[in-house]
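Chemist:
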Amino acid sequence: MRDAAKTPEPMGGADAASRAAEPMFVIQEHHATRLHHDFRLEHDGVLVSWALPKGLPTDPGVNHLAVQTEDHPLEYGSFEGTIPRGAYGAGTVTIWDTGTYDLEKWRDGQEIIVTIHGRNHGDHRLALIRTGGDDAKPQWLIHLMKDQTPHPEHAGDEPYRRPPSTSPGRGLRRGKTVVGSRKQVAGVVHPMLATAAEPAELRGKTGWRFEMKWDGFRAIARISGDEVTLTSRNGLDLTPTFPELAVLADAVRGDAVLDGEIVAPDEHGVPRFARIQQRAGLTNPRDVDRARRVVGVEYYVFDMLEEGGRSLTALPYTERRARLEELVRGNALVRVPPAAGDGLDDALATSRELGLEGVMAKRADSPYREGRRSRDWLKLKHTRAQEVVVAGWRTGNGARADTIGSLLVGIPDAAGRLRYAGRVGSGFRDRELTRVRERLDALAIHAPALDGVPAEDARDAHWVTPALVGEVEYGESTPDGRLRHPVWRGWRFDKSPAEVRWERTPG
């Protein structure tokens, strides 16, 4: 992809045998179309390379995207200069840090663990884990291992901050499928969040409207011309995972930004969280196409945030709802579910009759509070559900001896520390357990990343990087924050560990 006659970049040719015994690494700051960083590790005579849109992670609790690119020659490790306009990767390249690294694990195409020794920014123990993408552009995450937080003088270094962008990222175009790797989308709208409540809090009160609570993945949809972009509540690009929802462009008159839920209805038309799990996290086009043939999805729209480039968030809920019903025309995969009226008990009864998760209560005069959790929106569930962070697992017995017996989970406290919340061993389908074991093996670490694990639960535990979020149902919780009789509901790939909080106060 490079022409030696047009660019000063090195093209290779060094004698690998003359290299020092300790392998090198280099991090290059690359001011191309977008500022990013290139992370390169010497391995088998080349620099194996990843593009880091957000640079190295500075917090063990926040992983960053790493997109593997082509291998580079060893001489590229000392390159600084300007790649001319019109050449591949045009822009300025400077070295942010370089040095040597200690290799702990290298599983080709799967997992790499190294400790880098930088001349400028010191030592960092890092894990690279393959999460998806296709053979041409594999997608990984890069994780800062716990207790390897950068020195405070480097934690806020400017080169590792992506500049603000208003681009919503590449989307799906009506009439054809554009499938890319899973990525974090910059400049997106973050949805308004609801607060858990009990029916007694609303009885006898007026000024509220009710909707059914749909059991799927929350998604903001941006329609611009014939292009559709879908993003999760934490900014992940869901567009390649649900390509059939390109039909949103046919359902909306003009450009708009919508808030809704991606659901997977069963044979009776009832959304089931267990069904959408079979579509979660997929980005490889072949995997997506295979899953689509088994599980179809629909988009249920319940709010409208922009119309023709004009923000509607300051309008009261009832006015936004009216604009939504006027401008969105339902089709086979897009629905505007009818409101459930202003009677709480009728809404709850209907929800139970339909076998749904619960009811949403929204204050009629409330604005849309972007990215904020508010008591203007309340969620009333028929059963107790709680998001949890997976931090370890225990070996099973009998048929589960080679997979998972139970997951060890935690919930962050008010200070952000991950606190042990118990074991979850039921609710899994047998065919899921092998995939769960493979997923967790790729995140293995040596010590627990959560506090308060009892000795009897820690005795035979296998610990993992707390990077994955799931959801459980449970009977009750103890005052010290332990879940009683939790049952696994499924993964929440649309949420990050930092977002997890107690739905109800423990006890």
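Residues 1 to 507 in this note's numbering are what the sequence shown lists, from first letter to last.
For every residue, glycine included, the Cβ atom is placed at its ideal position computed from N, Cα and C.
None of these values were measured; they are calculated from a predicted model.
Using DSSP bridges, identify the partner residues of Phe25.
Modeler: On the sequence shown, residue 25 is found 25 positions in, with the first residue counted as 1. BP columns for Phe25 point to Leu41, Gly99.
Chemist: Can you name the start and end residues of the alpha helix (DSSP H) that Ala249 belongs to?
Modeler: Working through the sequence shown from its first residue, we reach residue 249 at position 249. Element bounds for Ala249: 248-251.
Chemist: Assign Thr505 to one of two classes, buried (16 or more other C-beta atoms within 10 Å of its C-beta) or exposed (fewer than that).
Modeler: Start at 1 with the first residue of the sequence shown, and residue 505 comes out as number 505. When all chains shown are included, Thr505 counts as exposed.
Chemist: Under the three-state reduction of DSSP, which class applies to Ser78: helix, strand or coil?
Modeler: Counted from its first residue, the sequence shown places residue 78 at position 78. It is helical.
Chemist: In whole angstroms, what separates the C-alpha of Arg286 from that of Ala455?
Modeler: For the purposes of this step, residue 286 is identified with residue 286 of the sequence shown, where counting begins at 1. For the purposes of this step, residue 455 is identified with residue 455 of the sequence shown, where counting begins at 1. Cα-Cα distance, rounded: 44 Å.
Chemist: Would you identify the three-state DSSP class for Tyr368, choosing helix, strand or coil?
Modeler: Looking up residue 368 in the sequence shown gives position 368. Looking at Tyr368 - three-state DSSP - the assignment turns out to be coil, as it is neither helix nor strand.
Chemist: Give the secondary structure of Ala219 by DSSP, where H, G and I count as helix, E and B as strand, and everything else as coil.
Modeler: Translated into the one-based positions of the sequence shown, residue 219 becomes position 219. Of the three classes helix, strand and coil, the one that applies to Ala219 here is strand, per DSSP.
Chemist: Out of Trp393, Lys362, Asn234, Arg429, state which residue places its alpha-carbon closest to the alpha-carbon of Ala274.
Modeler: Reading the sequence shown from its first residue, position 274 is the one you call residue 274. The shortest Cα separation from Ala274 among Trp393, Lys362, Asn234, Arg429 belongs to Arg429.
Chemist: Return the CA-CA distance between Glu158 and Ala498, expressed in angstroms with no decimal places.
Modeler: Translated into positions along the sequence shown, residue 158 becomes position 158. Translated into positions along the sequence shown, residue 498 becomes position 498. With a pLDDT of only 30 at Glu158, under the threshold of 50, the placement of this residue in the model should not be trusted; the figure read from the coordinates follows. Each residue's Cα considered, the two are about 22 Å apart.
Chemist: Excluding the five sequence neighbours on either side, which residues of its own chain have a C-beta within less than 6 Å of the C-beta of Leu103, listed in chain order?
Modeler: Here the question's residue 103 lines up with position 103 in the sequence shown. Val114, listed in sequence order.
Chemist: Helix or strand or just coil, what does DSSP make of Asp451?
Modeler: Along the sequence shown, read from residue 1 onward, the residue named residue 451 stands at position 451. Strand at Asp451.
Chemist: Looking only at C-alpha atoms, which of Asp266, Arg310, Arg209, Pro316 sits nearest to Ala256?
Modeler: Position 256 of the sequence shown, counting from 1, holds the residue named residue 256. Among Asp266, Arg310, Arg209, Pro316, the Cα nearest to that of Ala256 is on Arg310.
Chemist: Using C-beta distances below 6 Å, list every residue in its chain close to Leu440, excluding the 5 sequence neighbours before and after it, in chain order.
Modeler: Within the sequence shown, residue 440 is the residue found at index 440, counting from 1. If we look at Leu440 and ignore the five residues flanking it on each side, its Cβ neighbours are Trp393, Val464.
Chemist: Can you tell me which of the three DSSP states Phe273 falls into?
Modeler: Indexing the sequence shown from 1 puts residue 273 at position 273. Helix.
Chemist: Can you tell me the Cα-Cα spacing of Asp365 and Arg372, whole angstroms?
Modeler: Locating residue 365 in the sequence shown gives position 365, where the first residue counts as 1. Locating residue 372 in the sequence shown gives position 372, where the first residue counts as 1. Cα to Cα, Asp365 sits roughly 17 Å from Arg372.
Chemist: Quick check on DSSP: helix, strand or coil for Leu333?
Modeler: As a working note, residue 333 is residue 333 in the sequence shown. Correct three-state label for Leu333: coil.
Chemist: Give a yes or no on whether the C-beta atoms belonging to Arg119 and Asp135 are separated by under 9 Å.
Modeler: Numbered from 1 along the sequence shown, position 119 holds the residue referred to as residue 119. Numbered from 1 along the sequence shown, position 135 holds the residue referred to as residue 135. Cβ atoms of Arg119 and Asp135: not closer than 9 Å.
Chemist: Among the residues of its own chain, which have a CB less than 8 Å from the CB of Val469, if the five just before and after it don't count?
Modeler: Along the sequence shown, read from residue 1 onward, the residue named residue 469 stands at position 469. Contacts found: Glu387, Val388, Val389, Val390, Trp491, Arg492, Phe493, Lys495, Ser496, Pro497, Glu499, Val500.
Chemist: So, helix, strand or coil for Ser224, using DSSP?
Modeler: Along the sequence shown, read from residue 1 onward, the residue named residue 224 stands at position 224. Three-state DSSP puts Ser224 in a strand.
Chemist: Please state whether the Cβ-Cβ distance between Val472 and Ala385 is less than 9 Å.
Modeler: If you number the sequence shown from 1, residue 472 lands on position 472. If you number the sequence shown from 1, residue 385 lands on position 385. Yes, they are a contact pair.
Chemist: Could you tell me which of Pro243, Glu267, Arg323 sits nearest to Leu282, measuring between CA atoms?
Modeler: The residue given as residue 282 occupies position 282 in the sequence shown. The shortest C-alpha separation from Leu282 is found at Pro243.
Chemist: Are the stretch 249-268 and the stretch 287-304 touching by the rule of at least three beta carbon pairs closer than 8 Å?
Modeler: The stretch 249-268, when compared against the stretch 287-304, does touch it at the 8 Å Cβ threshold.
Chemist: Buried or exposed: which applies to Glu9, given that a residue is buried once 16 or more other Cβ atoms fall within 10 Å of its Cβ?
Modeler: Taking the sequence shown and counting its residues from 1, the one referred to as residue 9 is at position 9. Classification of Glu9: buried, given that the 10 Å Cβ count is 16 or more.
Chemist: DSSP on Leu468, reduced to helix/strand/coil?
Modeler: In the sequence shown, residue 468 corresponds to position 468, counting from 1. Leu468: strand per DSSP, three-state reduction.
Chemist: Excluding the 5 residues flanking Thr94 on each side, which residues of the same chain have their C-beta closer than 6 Å to its C-beta?
Modeler: In the sequence shown, the residue the question calls residue 94 occupies position 94. Excluding sequence neighbours, Thr94 sits near Glu29, Glu80.
Chemist: Considering only the beta carbon of each residue, do Asp215 and Arg279 sit closer than 9 Å?
Modeler: In the sequence shown, counting from the first residue as 1, residue 215 sits at position 215. In the sequence shown, counting from the first residue as 1, residue 279 sits at position 279. Contact flag unset, no.
Chemist: Whole angstroms is fine: what's the gap from Ala401's alpha carbon to His143's?
Modeler: Your numbering for residue 401 matches position 401 in the sequence shown. Your numbering for residue 143 matches position 143 in the sequence shown. The straight-line gap from Cα to Cα measures roughly 29 Å.
Chemist: Since Tyr299 is in the beta strand (DSSP E), which residue starts that stretch and which ends it?
Modeler: By 1-based counting over the sequence shown, the position of residue 299 is 299. Counting along the chain, the beta strand (DSSP E) containing Tyr299 begins and ends at 298-307.
Chemist: Out of curiosity, what's the CA-to-CA distance linking Pro191 and Asp303?
Modeler: Position 191 of the sequence shown, counted from the start, is the residue given in the question as residue 191. Position 303 of the sequence shown, counted from the start, is the residue given in the question as residue 303. Distance between the alpha carbons of Pro191 and Asp303: 10 Å.
Chemist: Quick test of the definition: if touching needs 3 or more C-beta pairs under 8 Å, does the stretch 221-228 touch the stretch 399-419?
Modeler: The stretch 221-228 is not in contact with the stretch 399-419.
Chemist: Using three-state DSSP, classify Arg504 as helix, strand or coil.
Modeler: By 1-based counting over the sequence shown, the position of residue 504 is 504. Arg504: coil per DSSP, three-state reduction.
Chemist: Indicate the three-state DSSP secondary structure (helix, strand or coil) for Glu476 in the structure shown.
Modeler: Translated into positions along the sequence shown, residue 476 becomes position 476. DSSP places Glu476 in strand when its eight states are reduced to three.
Chemist: Just checking my contact of Tyr474 with Pro486 at CB under 8 Å: how many whole Å lie between their CB atoms?
Modeler: As a first step, residue 474 must be located in the sequence shown, where it is residue number 474. As a first step, residue 486 must be located in the sequence shown, where it is residue number 486. Yes, Tyr474 and Pro486 are in contact; Cβ-Cβ is about 4 Å, under 8 Å.
Chemist: Using the C-alpha atoms, what's the distance from Val48 back to Arg85?
Modeler: For the purposes of this step, residue 85 is identified with residue 85 of the sequence shown, where counting begins at 1. For the purposes of this step, residue 48 is identified with residue 48 of the sequence shown, where counting begins at 1. Going by the C-alpha atoms only, they are around 25 Å apart.
Chemist: Would Leu141 and Leu65 qualify as a contact pair, given that the criterion is a beta-carbon distance under 9 Å?
Modeler: Translated into positions along the sequence shown, residue 141 becomes position 141. Translated into positions along the sequence shown, residue 65 becomes position 65. Their beta carbons are under 9 Å apart, which means Leu141 touches Leu65 by this criterion.
Chemist: Beta carbon of Val301, beta carbon of Val336: below 9 Å?
Modeler: Residue mapping note: residue 301 aligns to position 301 of the sequence shown, counting from 1. Residue mapping note: residue 336 aligns to position 336 of the sequence shown, counting from 1. Contact: yes.
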